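Numbers in our numbering are just positions in the sequence shown, counted from 1, shifted up by 147.
Reading through the structure tokens given below for one structure.
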Amino acid sequence: MARKLYRERSAKGNWIFVHRSARLATRDAREIGAMPPATLPAKQPLNPARRIVTAFIALVAGAAGLRVGIGHAAAADVPEPLWAYGFLTPPAPGDKATPQGLPSRKLRPNEDPAEQTRIRHVAGSDAGYSLVDIRDLSNVIDWFPGDHPRMTHVIAHGSPSLGNAARGCASCHLPTGKGRPENAPVSGLPVAYFIRQLEDFRNGLRSTVDPRKPNTPTMIALAKGMTAEEMKEAAEYFGAMPWTPWTRVVETEQVPKTRIVGNLHQEIEGAGTEPIAGRIVEMPETEEQTEKLRNPRVGFVAYVPVGSIKKGENLVTTGGMSVADGKIVPGRTVACGTCHGPDLMGLADVPGIAGRSPSYLVRQIYDMQRGTRKGVSAALMQPVVVNLTGDDMVAIAAYVTSLAATKSPPR
Ligand code: HEC
Ligand code: HEC
């Protein structure tokens, strides 16, 4: 059946072909405040292949928007998934992030110099670093230089334009780009997507819902300090590494009791367990290796509620559609594979999500639902996130993280 296509200007200023339903979805997205004003300057002209993919995705988004947009109230009252942001209690009015300290090798008054400067080792590495070296964020340590391409200046030391506030990208995201639950997994991302995120951070289109979270403002400041060349260099460095598993997923009723340090859950040794209570609790495999020594070969474990992986599989693969009394009942979301690729490893400039930190994934989904992540391309996610409940987000992340990386992402 032939469908009438309309030609219209995308928010990036390129001509795209869209079906009528996509135009409606765009309008809906704008009404709920998800779309930035359509006057952004055209920063990166699309090449013809990407233009087709973009138009195709607009079609899918449009159809999806119509399907899930009707008869559902927007899930505006989903409480903040505090576990994903690394807090125990909701923010109070006026709460603000304490700005992160500048990178420094100075000892703090309560620190034992001998302990801080003692050289440490990790299995399989010839390198040796002290705790002072490990926290020197403008000279990133490198336990396994053979595990990644040669770090460039911005990756190891940060952008010189930021002076003593410069931080190497690898200080938070690790030289392997695997990242940590409180920041982001950045390896294996499409170069165009990576650069778009840096642009969104610097243009005020991407921030975090929780006003107390300190490292997102740092990320925004770093993006603002980068040159176009440094952005490309960083995108190519991390993009050259395929995504491989980094977070082990375990379904369980009980989780180790944790404390939160730097927005990261860490086990309280010997304190026993407590009910998981509908959360995901993601923590270092071992505090000594993953956290203290920043060993990039020892990752994270995510405890997820029993049954969540199966529930998530249904939402991710069908959008949560079901059959009742011989009729199709539409679900609360849209199957992810159409845009993220059948194996969720990414498609064109849409990022891979398979096997990535569930805390990170849920923060992004919630940020998009609440509209603090509102870049032009994030609008395509509106029909996906608008009706999700907190439990849906947990289930989706449990399943998506449990997927093994299957192949290299698109280049
Ligand atoms: C202080 C720690 C920190 C440093 C250093 C840092 N980042 Fe980030 N980065 C973050 C955080 C935190 C996020 C995710 C924000 C959130 O969840 O709200 C992020 C997210 C990103 C993303 C988005 C990933 C995605 O999947 O959308 C990119 C791209 C990125 N960072 C690139 C960089 C580059 C390039 C550098 C070096 C110039 C850098 N980062 C240095 C903390 C950091
Ligand atoms: C209509 C296309 C489309 C569908 C369907 C879709 N996504 Fe997305 N998604 C996107 C695009 C495009 C982006 C990148 C947005 C940007 O560039 O800011 C994205 C980004 C994301 C991100 C942020 C990734 C990161 O690295 O920060 C997450 C998480 C995500 N999607 C999850 C999902 C899940 C889960 C589903 C299915 C339930 C889904 N998406 C379905 C298009 C889609």
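Backbone N, C-alpha and C fix where the C-beta goes; we use that ideal spot for every residue, glycine too.
Quick caveat, the model's predicted, so the values are computed rather than measured.
Check whether the Cβ of residue i sits closer than 7 Å to any heavy atom of ligand 1, and report yes or no.
i: Gln516; result: no
i: Thr507; result: Residue 507 is actually Tyr in this sequence, not Thr. For ligand 1, at least one heavy atom lies less than 7 Å from the Cβ of Tyr507.
i: Pro498; result: yes
i: Arg349; result: no
i: Gln436; result: no
i: Asn113; result: Missing from the structure shown is residue 113; the chain here goes from 148 to 558 and no further.
i: Leu491; result: no
i: Asn330; result: yes
i: Leu345; result: yes
i: Val476; result: no
i: Gly324; result: no
i: Gly305; result: yes
i: Cys319; result: yes
i: Cys316; result: yes
i: Thr355; result: yes
i: Arg395; result: no
Is any non-hydrogen atom of ligand 2 found closer than 7 Å to the C-beta of residue i, if you look at the structure I gave you?
i: Ile367; result: no
i: Gln247; result: no
i: Ala381; result: no
i: His487; result: yes
i: Gly335; result: no
i: Ala501; result: no
i: Leu550; result: no
i: Tyr450; result: no
i: Val470; result: no
i: Gln413; result: no
i: Ala525; result: yes
i: Tyr340; result: yes
To the nearest angstrom, report how far apart residue i and residue j are at their CA atoms.
i: Asn442; j: Pro477; result: 45 Å
i: Ala303; j: Gly315; result: 4 Å
i: Ser334; j: Pro296; result: 12 Å
i: Asp224; j: Pro358; result: 18 Å
i: Ala525; j: Arg517; result: 12 Å
i: Ser549; j: Pro505; result: 9 Å
i: Ile543; j: Lys458; result: 8 Å
i: Trp342; j: Ala261; result: A quick correction: the sequence has Ile, not Trp, at residue 342. If you take the alpha carbons of Ile342 and Ala261, they lie about 42 Å apart.
i: Arg353; j: Gln344; result: 8 Å
i: Gly417; j: Gly488; result: 43 Å
i: Leu284; j: Ser251; result: 7 Å
i: Pro292; j: Thr391; result: 17 Å
i: Thr323; j: Ala551; result: 17 Å
i: Pro226; j: Asp490; result: 30 Å
i: Pro361; j: Ala231; result: 14 Å
i: Asp347; j: Glu383; result: 18 Å
i: Ala331; j: Asn311; result: 23 Å
i: Pro530; j: Met468; result: 14 Å
i: Gly419; j: Arg426; result: 17 Å
i: Leu535; j: Gly466; result: 10 Å
i: Leu369; j: Thr485; result: 33 Å
Quick one: what's got a C-beta closer than 7 Å to residue i's C-beta in the same chain, skipping five residues either side?
i: Glu414; result: Pro403, Thr405, Met430 and Glu434
i: Ile281; result: Ile288, Leu440 and Arg441
i: Met378; result: Ile342 and Leu345
i: Glu400; result: Pro422, Ile423 and Val453
i: Asp514; result: Thr355, Val356 and Arg520
i: Met540; result: Pro228, Val509, Ile512 and Tyr513
i: Ala317; result: Val287, Met298, Ile302 and Ala303
i: Val445; result: Glu432, Thr433, Gln436 and Thr437
i: Ala244; result: Pro358, Arg359, Lys360, Pro361 and Pro364
i: Trp290; result: Val269, Ser272, Ala274, Asn442 and Pro443
i: Asp242; result: Pro358 and Arg359
i: Ala501; result: Asp490, Leu491, Met492, Val547, Leu550 and Ala552
Could you name the residues of the same chain whose beta carbon sits closer than 8 Å to that of residue i, not counting the 5 residues immediately before and after it, in chain order?
i: Gly275; result: Ile266, Arg267 and His268
i: Ile199; result: At Ile199 the pLDDT is 45, less than 50, meaning the model places this residue with poor confidence and gives no usable figure here.
i: Met307; result: Reading off the sequence shown, one finds Pro at residue 307, where the question assumed Met. Around Pro307: His300 and Ala313.
i: Gln511; result: Arg520
i: Val470; result: Val476
i: Asp639; result: As displayed, the chain neither begins before 148 nor continues past 558, which places residue 639 out of reach and without an answer.
i: Phe447; result: Arg327, Pro328, Trp393, Thr394, Arg395, Glu429, Met430, Pro431, Glu432, Thr437 and Ser504
Within a Cβ cutoff of 6 Å, which residues of the same chain sit near residue i, ignoring the five residues on either side of it in sequence?
i: Ala339; result: Asp496
i: Leu321; result: Pro443
i: Glu421; result: Lys404
i: Gln263; result: Leu254, Leu278 and Val279
i: Met528; result: Met515
i: Glu329; result: Gly233, Asn410 and Leu411
Check whether the Cβ of residue i lies closer than 7 Å to any heavy atom of ligand 4, and answer yes or no.
i: Leu352; result: Questions concerning ligand 4 fall outside what the structure shown contains, since the ligands it does hold are ligand 1 and ligand 2.
Checklist entry - If you pair each beta-carbon of the stretch 387–400 with each one of the stretch 368–379, do three or more pairs fall below 8 Å? => result Segments in contact, no.
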